[in-house]
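Residue numbers (my numbering), protein chains in the order written: chain C, 1 to 376; chain W, 1001 to 1376; chain R, 2001 to 2376; chain Y, 3001 to 3376. First up is the structure itself, then whatever we jot down about it.
Below you can see the structure in the form of structure tokens.
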């Protein structure tokens, strides 16, 4: 199949997240990497472009020359879709410019710094009929998708309790490392936005919750912890949730859960049973039943939903990982760009971005307002 | 060693919890079962006494005849220690009467219905120099005790995050089972007290948290869920915690986590590492380290603390379970009754009971007061 | 219920295995500990008897005085059942004497040093209508019993592969500890018999295999490893198995699997599915299905077989351990002694002892005969 | 970096294993897919080539035209390296032709049908100074590589016991599916070779054992099971191993372990500790220690060996899977082709192929010769 002409903003030499996007795009088998604005240092960008065997004509020093250069190309050569993998504070302006100029966008999260910015992007994407994919990668795991489909079909009945945790420990040595370490961009609001822990990972937990359950969080009540007075951003917190329905909900998240790696877990319980899934063991979905043994659902079987089956290539017992989950988002975005009909939920979009920003804003507000309920 | 003369209030034929106490006492190898008030139905009590080969003289129809009968015995024959395993609403008056009359008491939780009642018991126990043991069984597990000792010794540094969960699903079929089922004593405040989920299991989570970390919860903010308007008691909830120190704390508990059995877990994180323990796999204590592989600590080894070593008899790999944990509390109480010197923490006492009642009261108040902070 | 009058041969002060038998007997709630020959040192025996509040009249210096003393008692006071927990080389003569004199016997394994001795015990037990219980403890676990019943009922179809492993590491420091350590009784054939690893634990694996599957091993082909030429006994080995049916079988066992504790596992596979069980997590039975998710079966549920339900007292999620498994054997033996009707498989008997001895003899012979097939 | 010009023999539309090679090559980021002999049906090959955007000039109907066509290209356009992913019986002649004509080869296993054929390939590769990579994928997992390095460095002391299992269940429905199903090519010796289970997966277990431990198996004693007389090939078996050193070794393998997916596990034990690794949870390496808690080693940390660090890109807790392991082999082969210096063990080569063929031959011979020892 013809590959989509694909570019990147950011993601040059040594960029971990940029590399992950390239592998995801390769696995999706629908993207040809053409060029982009690969580095703030243009010389390094060109070096990297050579390594990647790119045509240097398509490697640009900045956004403006990128727009100008690509727009001057005939439409059958022009890049069609562009991934944004720059620092958080640049996402909004870059995405906006791309959408205004007719490029489909795949964007790292957080989509913007505010929900109103995200809403602006939504309007642009819609009016220009462009695809906007937000890389909440965890929604690409086949067992997450199976859980989503089973919850939709009523497999566990009406939900009564939802509980998502996202625990990491990597900021622990930074926060305890003295002044120099605290000066990191990660804890600088100008670069990272209004929240560290909730903005970086809490929002993934929130997205996973809404994605798998189909529920919408109505209000939040949050307690955040910056650990040290000189640190301006939250590193840890717990968020109580209210829904339209009567059920209990919570999101717990930390970047100072020392020794934890990337411990994202979701547990949901309904009137008939429950599910438990852990990101670090992504190919096992535990399904609990009332009065019967629990089952462990794994990918690669005929009995799974079509959505899960599309999302896993190998036979049972051959572990696919996060690159493949990521590749599933890229596949979904490619199908949307090619205007193929597709089931909902193939990739998170700008609506997820708006919800996520509202989550972050509401959580920060709730904490500031002495842990009161704030509507999303 | 001479066995302690031991009686029971409640716990007759078919009583699950009474049987567990008897096995715990046998494992502790320090208690001779003599008699008591074994059943509200005196005929059934006597039948049961025969099965247990008790002297019928020591089996009484009610508390008053028990007190009278035992007090009339010479002191070297009189029962020394009595376990209370009756429905919750009876604990206070029975414990009070026993303490007033010079009996050491081992009491099922909740100790009372109010913290002021619990305080009254404390005064009685102290003024009469009597042992009061409250059966928060989970504190008897060897790996819980190892965790406690390691936290005390600073093994994970200063705590930053504590998170305890206690999830069960057994009320799910009751709450969805129609009017008849809702009429169960478990959901009747007159019998169960002001709280179902928090009173029955949330308080275990609270006790485990304070026991292992040595921290004292200062304030709580709770959201509880009764699920149905016609149900007067909470079945599920999340409780945010404040401490004197700056750390994040939470207790999550449910009786409608469908498919969960007895899923009590604790995770604590400090500046240097963390611990994770699960009641359903009690012989494995996961210890997390910053920048190093996590370890799984198991009982039966020389490298363990003395406290853990005393609390596990068998060689490594021979699973001990909850009866043995329970037996450890009975052992601790026996040592205290015999006035042997012993390290602190051998069994939960009346102070734990007061703390637990304050926890339940504060949680219920916080929920009623629209999820505001309430001091313990 | 009237308790059985119960004595012990061996098992005095500090004897780990004797203590385990006493707890098992207590949990079984059918045995009153009366006395016995508790120690080779009679003074220590008496000290221990005082601690246990035994009548010193019933504590004997040796087997002959024991037999004489008990036989002189009226039959309604005489001990009914006696447990043998002495070193291996004494089991045969002691069991023989007890059976000849009308005592039911509960015996630690190995039952004897040779299969012909075991056959002699069988004849004595049968001709005197006495119960003989051999403590292959692992058969007492509720999930082992559930597996047995399900295999019997055809849940996994016709068996195709059976694989049992029993790995320990505790001899590793002994074998590498120099001459002094090698002089341990454990590696002395005069005390331990013809085999260390296979005789001590391989035989448990063998028993578990025959117990759960109902299969009879027909031939074995073994490779054993003594590790050092100066060590007379096997510490490790693998045993290939032949059955009447066409299926693949193996037993793997080691006492030098450094770092392993008591890692007994069984995996069986049939035409329709399979089972996997691990002794260190005894309350989880994994059931594999063709083309469907695997299930994890746990105790405490109505859907279990009667046999499993009888073998577990507590509600789901309350871990019972090896003492309770052991108690289940004591319960089974008590029922048999009381001539209550009972389903088969309640406790291993002298036939298991004969099979086990034949297993050990055949394995040692196969190894000596250059790894050829030897019939059991 | 300049990409290697890369072709495939086999692996066209719908070929699962071909797709896996392409993803591995993409992850390795060193291979440009140019063309090859993609399908026995040339029309389908061309269709597939269009989908992959290949130049149809480089897509050939058969090996001869491939050789002719590529040899006619200037050397800076000619394909440099070719992957063979055809049915087993074709590997030898195709690999031979490629090596004779100067192409580096990446070959699916089994490399050939006999060890003498494999030796012929070795001579060809050496005399032509060509790289030959055999895709024993499991050696590409970072934690396998960490285990290898730690064993080399003496972390667990001298080895005493090695035990590898490879259990699958997928042939179960075939073998029980009646005549039609038995006619599958998988059970046809003309297509599959002299062994099914040992040839397909037992040999992976063998390779993993020699790769991680550095040991060489000297002799094997095997029992194989065809399950049904009408089935010509083994589906299951156990293989006892002898080494020059005194240690116990075994390989267990099955394709009729119903319900198992791809359950490859290795356990090794030395004088100081042990390792346990499972392919279905590839990012966890359990390290056992004598008298100390076991550790779980995971990728992404500084404390790991360089080899493991090179073999895992993402931060801790982001699961990489089998594609990435496979990509590591492709990376290793690319480095070798580019004549970069590289540590040994980067990819399995023709020597592994010869060893593997000798393993299969010896196992089949041992079984046929009534389970006697056969030298490799």
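Idealized CB from N, CA, C, for every residue including glycine. On a predicted model such as this, the values are computed, not experimentally measured, just so you know.
Please state whether DSSP places residue i in a helix, a strand or coil.
{"i": "residue 2236 of chain R", "result": "strand"}
{"i": "residue 265 of chain C", "result": "strand"}
{"i": "residue 1144 of chain W", "result": "helix"}
{"i": "residue 1166 of chain W", "result": "strand"}
{"i": "residue 2375 of chain R", "result": "strand"}
{"i": "residue 3171 of chain Y", "result": "coil"}
{"i": "residue 3203 of chain Y", "result": "helix"}
{"i": "residue 2276 of chain R", "result": "strand"}
{"i": "residue 242 of chain C", "result": "strand"}
{"i": "residue 198 of chain C", "result": "helix"}
{"i": "residue 3021 of chain Y", "result": "helix"}
{"i": "residue 2342 of chain R", "result": "coil"}
Along chain C, which residues have their Cβ under 9 Å away from the Cβ of residue i?
{"i": "residue 3003 of chain Y", "result": "53"}
Along chain Y, in chain order, which residues have C-beta atoms closer than 7 Å to that of residue i?
{"i": "residue 2173 of chain R", "result": "3290"}
I'd like the span of the beta strand (DSSP E) that includes residue i, first residue to last.
{"i": "residue 2225 of chain R", "result": "2217-2225"}
{"i": "residue 2288 of chain R", "result": "2285-2289"}
Taking the alpha helix (DSSP H) that residue i falls in, what are its first and last residues?
{"i": "residue 357 of chain C", "result": "350-368"}
{"i": "residue 2191 of chain R", "result": "2189-2192"}
{"i": "residue 2063 of chain R", "result": "2063-2071"}
{"i": "residue 1058 of chain W", "result": "Residue 1058 of chain W -> no alpha helix (DSSP H), and no H or E assigned at all."}
{"i": "residue 3093 of chain Y", "result": "3091-3100"}
{"i": "residue 1249 of chain W", "result": "Element bounds for residue 1249 of chain W: not the alpha helix (DSSP H) but the beta strand (DSSP E), 1248-1254."}
{"i": "residue 951 of chain W", "result": "Coverage of chain W is limited to positions 1001 through 1376, which leaves residue 951 of chain W absent and any answer about it impossible."}
Can you pull the chain R neighbours of residue i, defined as C-beta to C-beta under 8 Å?
{"i": "residue 1019 of chain W", "result": "2313"}
{"i": "residue 3227 of chain Y", "result": "2160, 2246"}
Residues of chain C with CB under 7 Å from residue i, in chain order?
{"i": "residue 3176 of chain Y", "result": "Residues of chain C passing the Cβ test: none, with the nearest at roughly 18 Å."}
Listing by chain order, which chain Y residues have their CB less than 8 Å from the CB of residue i?
{"i": "residue 23 of chain C", "result": "3026, 3027"}
Which chain C residues sit within Cβ distance under 8 Å of residue i?
{"i": "residue 3282 of chain Y", "result": "319"}
{"i": "residue 1251 of chain W", "result": "What residue 1251 of chain W touches in chain C: nothing, since even the nearest Cβ is about 10 Å away."}
Which residues in chain W sit within 9 Å of residue i, going by Cβ to Cβ distance?
{"i": "residue 200 of chain C", "result": "None at all; the shortest Cβ gap to chain W is about 16 Å."}
{"i": "residue 221 of chain C", "result": "1221, 1223, 1240, 1371"}
Below 7 Å on C-beta distance, what does residue i contact in chain R?
{"i": "residue 3257 of chain Y", "result": "2161, 2269, 2274"}
Residues of the stretch 2229-2244 of chain R whose Cβ lies closer than 7 Å to any Cβ of chain Y, in chain order:
2236, 2237, 2238, 2240
Note down, in chain order, all residues in the stretch 3259-3274 of chain Y with a beta-carbon under 9 Å from any beta-carbon belonging to chain W.
none
So if I threshold CB-CB distances at 8 Å, which residues from the stretch 3293-3326 of chain Y count as touching chain C?
3298, 3300, 3313, 3314, 3315, 3316, 3317, 3318, 3319, 3320, 3321, 3322, 3323, 3324
For the stretch 2040-2056 of chain R and the stretch 2008-2015 of chain R, state whether three or more C-beta atom pairs, one from each stretch, are separated by less than 8 Å.
yes
Does the stretch 3224-3238 of chain Y come within contact of the stretch 3178-3191 of chain Y, defined as at least 3 CB pairs closer than 8 Å?
yes
Report yes or no: do the stretch 2295-2310 of chain R and the stretch 2142-2149 of chain R share at least 3 C-beta pairs separated by less than 8 Å?
Taking a cut-off of 8 Å for Cβ pairs, the stretch 2295-2310 of chain R and the stretch 2142-2149 of chain R touch, as three or more such pairs fall below it.
Measuring CB atoms only, is the stretch 1349-1359 of chain W touching the stretch 1167-1179 of chain W, in the sense that at least three cross pairs come out at less than 8 Å?
no
Is there contact here, the stretch 3085-3104 of chain Y with the stretch 3302-3313 of chain Y, by at least three beta-carbon pairs under 8 Å?
no
Stretch-stretch touch, CB-based, cutoff 8 Å, three pairs: the stretch 105-114 of chain C with the stretch 73-91 of chain C
yes
How do the stretch 2248-2263 of chain R and the stretch 2119-2133 of chain R stand: do at least 3 beta-carbon pairs fall below 8 Å, yes or no?
no
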